[in-house]
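Visitor: In the working numbering, the protein residues as written are 35 to 742. There's a structure below that I have some questions on.
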């Protein structure tokens, strides 16, 4: 290839004059005017003059030493001028990216909504001591332009897995300006001013990138700054970072790379890559340092879901990061992103393991009042429900089974769990089941702090029932746990309910047995009245105590509460009704029967409805005053005799005390053999009566009259 023909002395002198004409150090007019803002003829003449000087310099052996010195001076003046022109064109055409352009960085749909941002899923939980369990509290992000901008472009915090490239390159500078910049860059690089060209370009464009960062709400925080922030502050910054990172990689960085290629591609070896890295390396490190700081921060359970959000976002961005930072010079950015992704994955695994240990070791010993659901149970079940929302991510991250106890280990501080019973479960599902196992193990230990076995069983029933309901309420969680294990849990809370009933009601119902009441003779005649009275007194006292205490106990689930009440009534009411029917007459024939038969069947039915409401009763159990004498005894006609009577009427659940004259009574039938006499009054009801111990007792349906 032939060398370019050097310019003639006349051409060289003309070129030198043009260069000196625009020497800003020698002319005020040159300082105030910019060549590329004037007429295109001036631009072309100046570029041609520079080309003439450069051709002469390439043929330095053909010129004298004096001419060479003049050429060197001219080219230095020209390069200084072109550097100023280069900077001016960049500045004039550099403006912040439009907000609407920054909001289109995330066209992909999310695999799951950001459940961790929902405060309703968490209950406050503060154990007695620091066990590593702290309730995540969703903090609202600061309100500002950046958040509003990002919200428009991303409706969720999470993104789909390994999406195809979502890069959207923008034209940052008009095409005619790009041509001018390329013309200047070619001449500066040919003259050996590559470093100066790159520095000018990088300085101006980096300021533009910084402006976009500010619009996106990305702060200049070192790793140390991030780690010193409170977690509540970081949650809002993580949400903003996830959205901003998509815009940065897919729009800001991608567009900067395109601009570098438009200006520098083909001019030299990898010059476009060098200019690109000069522009974005600092901002890219600033962007990824935030995620790195989170990945190496102190682990705690409340951080898991935001770390998973970061992991998902970065995983989704990896194809775009590899595309934008594909060159050798940008390899460090790719490596940093991959390492952060790995550390986020390890952090998630570590947090899950530490969460399991924290649940197992949670130390609170104060019994929950009323045997209701323990805050730990609510916290843990809400937590693993959220874990199930991230199952797609965690199924890839969690690859090993949990470290559990064995029935052969003999360790009393760790529960048993045999994997043979859970064939086919994923490692993540096994971890979730293990968390439920250790939660029950911890709850069982807490139940032992109750002094009453009945409330201990009620406590376990409430908590295991809550676990079952939370599993049933989450399709993802139920799928992972499986119906077999769910049935096992259902059997546990039903067994706890049965144990509660045994602990409470066996002793109460024991008072209603026949054994010990018959002293001699036949079944009907050999009843010990003293033993019977003691039996009624014992029953009354025990039932009143159960009612007093268990009205304050709480079953939060209305259906479970009603089912247990029905189960109690099905055992208690028939037994009491039968006992009362068999032995009532023996008490009523003696003195002060109201001291022994205090409650009707309906009273007990009503009292059972007070159970498990969590409300202390201000008064004692209300009973039908079956034997309260009236102030003005009524007159009852029996035959020709008027008998002074005290009347108490018990109609269903209503108690009616009635005093008055029952007139027009007349004898209708007589059955002397059976000792019963039927009377008919004006209301035409039939009364059966008998005489014993100076009392006449009349009964009709549920109405009882005792007449002295």
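A virtual CB, placed ideally from N, CA and C, is assigned to each residue, including glycine.
(1) Along the chain, where does the alpha helix (DSSP H) that runs through residue 560 open and close?
(2) Between residue 311 and residue 246, is the Cβ-Cβ spacing less than 7 Å?
(3) What first and last residue would you give for the alpha helix (DSSP H) that runs through residue 593?
(4) For residue 517, count neighbouring Cβ atoms within 10 angstroms of its own Cβ and tell me buried if that reaches 16, exposed if not.
(5) Looking at the structure shown, is residue 588 part of a helix, part of a strand, or coil, going by DSSP?
(6) With a threshold of 8 Å, are at least 3 pairs of Cβ atoms found where one atom belongs to the region 488 to 498 and the other to the region 583 to 597?
(7) Fully enclosed by the region 373 to 433, which alpha helix (DSSP H) runs are 4 residues long or longer?
(8) Can you tell me whether residue 360 is helix, strand or coil according to DSSP?
(9) What does the Cβ neighbour count give for residue 436, buried or exposed, with the cut at 16 atoms within 10 Å?
(10) Verify whether the separation of the beta carbon atoms of residue 374 and residue 326 is less than 7 Å.
(11) State the DSSP-derived secondary structure class of residue 210, mapped to helix, strand or coil.
(12) Taking three-plus beta-carbon pairs below 8 Å as touching, is the region 329 to 338 in contact with the region 282 to 295?
(13) Please confirm whether residue 562 and residue 546 have their CB atoms less than 7 Å apart.
(14) Looking only at its chain, what residues have a beta carbon closer than 7 Å to the beta carbon of residue 570, apart from the 5 residues adjacent to it on each side?
(15) Are residue 635 and residue 611 touching if we call contact CB-CB under 7 Å?
(16) Which two residues bound the contiguous alpha helix (DSSP H) that contains residue 275?
(17) Figure out for me which residue from 582, 627, 638 and 583 has the closest Cα to the Cα of residue 607.
(18) How long is the line joining the alpha carbons of residue 30 and residue 449, rounded to whole angstroms?
(19) Report yes if the CB atom of residue 451 is closer than 7 Å to the CB atom of residue 438, and no otherwise.
(20) If we ignore side chains and look at the alpha-carbon of each, how far apart do residue 299 and residue 215 end up?
(21) State whether the region 342 to 360 contacts the region 420 to 428, with contact taken as three or more CB pairs (one from each stretch) at a distance under 8 Å.
(22) Less than 7 Å between C-beta atoms, sequence neighbours within five positions excluded: which residues of the same chain meet that for residue 218?
(23) If you draw a straight line from the alpha carbon of residue 54 to that of residue 76, how long is it in whole angstroms?
(24) Please report the straight-line C-alpha distance between residue 480 and residue 404, rounded to a whole angstrom.
(25) Would you call residue 465 buried or exposed, if buried means 16 or more other Cβ atoms sit within 10 Å of its Cβ?
(26) Helix, strand or coil: which one does DSSP assign to residue 76?
(27) Check residue 647 in the structure and name its three-state DSSP category.
(28) Among the candidates 351, 360 and 330, whose CA atom is the shortest distance from the CA of residue 383?
(29) Skipping 5 residues on each side, what residues in its chain have a beta carbon closer than 8 Å to that of residue 87?
(30) Can you name the start and end residues of the alpha helix (DSSP H) that residue 68 belongs to?
(31) Helix, strand or coil for residue 450, going by three-state DSSP, please let me know.
(32) Determine, using beta carbons only, whether residue 206 and residue 283 come nearer to each other than 7 Å.
(33) Determine the direct distance from the alpha carbon of residue 409 to that of residue 467, and round the result to whole angstroms.
(34) From this set, 318, 260 and 399, which residue's C-alpha is nearest residue 332's C-alpha?
(35) Note the first and the last residue of the continuous alpha helix (DSSP H) segment covering residue 634.
Guide: Judging by the given coordinates:
(1) Looking up residue 560 in the chain shown gives position 526. Run containing residue 560: none; DSSP gives neither H nor E here.
(2) Taking the first residue of the chain shown as 1, we reach residue 311 at position 277. Taking the first residue of the chain shown as 1, we reach residue 246 at position 212. No, the Cβ-Cβ distance between residue 311 and residue 246 is not below 7 Å.
(3) As a first step, residue 593 must be located in the chain shown, where it is residue number 559. Start and end: 592 to 622.
(4) As a working mapping, residue 517 is identified with position 483 in the chain shown. Under this definition residue 517 is an exposed residue.
(5) Against the chain shown, residue 588 aligns to sequence position 554. Three-state result, residue 588: strand.
(6) yes
(7) 409 to 423 and 425 to 431
(8) One-based indexing of the chain shown puts residue 360 at position 326. Three-state result, residue 360: coil.
(9) Position 402 of the chain shown, counted from the start, is the residue given in the question as residue 436. Label assigned to residue 436: buried.
(10) Counting from one through the chain shown, the residue named residue 374 turns up at place 340. Counting from one through the chain shown, the residue named residue 326 turns up at place 292. Contact flag set, yes.
(11) Here residue 210 corresponds to residue number 176 of the chain shown, with the count starting at 1. Looking at residue 210 - three-state DSSP - the assignment turns out to be helix.
(12) no
(13) As a first step, residue 562 must be located in the chain shown, where it is residue number 528. As a first step, residue 546 must be located in the chain shown, where it is residue number 512. No, the pair does not count as a contact, with Cβ atoms beyond the cut-off.
(14) For the purposes of this step, residue 570 is taken as residue 536 along the chain shown, with counting starting at 1. Around residue 570: 621, 630 and 631.
(15) The residue you call residue 635 lines up with position 601 of the chain shown. The residue you call residue 611 lines up with position 577 of the chain shown. Closer than 7 Å, so yes.
(16) The count along the chain shown starts at 1 and reaches residue 275 at position 241. Taken as a continuous stretch (DSSP letters only), the alpha helix (DSSP H) holding residue 275 covers 265 to 281.
(17) Counting from one through the chain shown, the residue named residue 607 turns up at place 573. Out of 582, 627, 638 and 583, 638 has the C-alpha closest to the C-alpha of residue 607.
(18) Any property of residue 30 remains undetermined from this structure, which presents the chain solely from 35 to 742.
(19) Taking the first residue of the chain shown as position 1, residue 451 is located at position 417. Taking the first residue of the chain shown as position 1, residue 438 is located at position 404. Closer than 7 Å, so yes.
(20) The residue given as residue 299 occupies position 265 in the chain shown. The residue given as residue 215 occupies position 181 in the chain shown. Distance between the alpha carbons of residue 299 and residue 215: 12 Å.
(21) yes
(22) Counted from its first residue, the chain shown places residue 218 at position 184. Cβ within range, chain order: 116, 119 and 120.
(23) Translated into the one-based positions of the chain shown, residue 54 becomes position 20. Translated into the one-based positions of the chain shown, residue 76 becomes position 42. Spanning the two alpha carbons is a distance of roughly 14 Å.
(24) Position 446 of the chain shown, counted from the start, is the residue given in the question as residue 480. Position 370 of the chain shown, counted from the start, is the residue given in the question as residue 404. Between residue 480 and residue 404, the C-alpha separation is close to 13 Å.
(25) The sequence position of residue 465 within the chain shown is 431, counting from 1. Buried: at least 16 other Cβ atoms inside 10 Å.
(26) Taking the chain shown and counting its residues from 1, the one referred to as residue 76 is at position 42. If DSSP states are grouped into helix, strand and coil, residue 76 belongs with the helices.
(27) Counting from one through the chain shown, the residue named residue 647 turns up at place 613. Strand.
(28) The residue you call residue 383 lines up with position 349 of the chain shown. Among 351, 360 and 330, the Cα nearest to that of residue 383 belongs to 330.
(29) Locating residue 87 in the chain shown gives position 53, counting from the first residue. Cβ within range, chain order: 46, 49, 50, 53, 105, 108, 109 and 112.
(30) The residue labelled residue 68 in the question sits at position 34 within the chain shown. No alpha helix (DSSP H) contains residue 68, which DSSP labels as neither H nor E.
(31) Within the chain shown, the letter at position 416 stands for residue 450. Three-state DSSP puts residue 450 in a strand.
(32) Residue mapping note: residue 206 aligns to position 172 of the chain shown, counting from 1. Residue mapping note: residue 283 aligns to position 249 of the chain shown, counting from 1. No; because the gap between Cβ atoms is not below 7 Å, this pair is not in contact.
(33) Counting from one through the chain shown, the residue named residue 467 turns up at place 433. Counting from one through the chain shown, the residue named residue 409 turns up at place 375. Their Cα atoms are separated by approximately 19 Å.
(34) On the chain shown, residue 332 is found 298 positions in, with the first residue counted as 1. It is 260.
(35) Indexing the chain shown from 1 puts residue 634 at position 600. It is not in any alpha helix (DSSP H) - residue 634 carries neither H nor E in the DSSP assignment.
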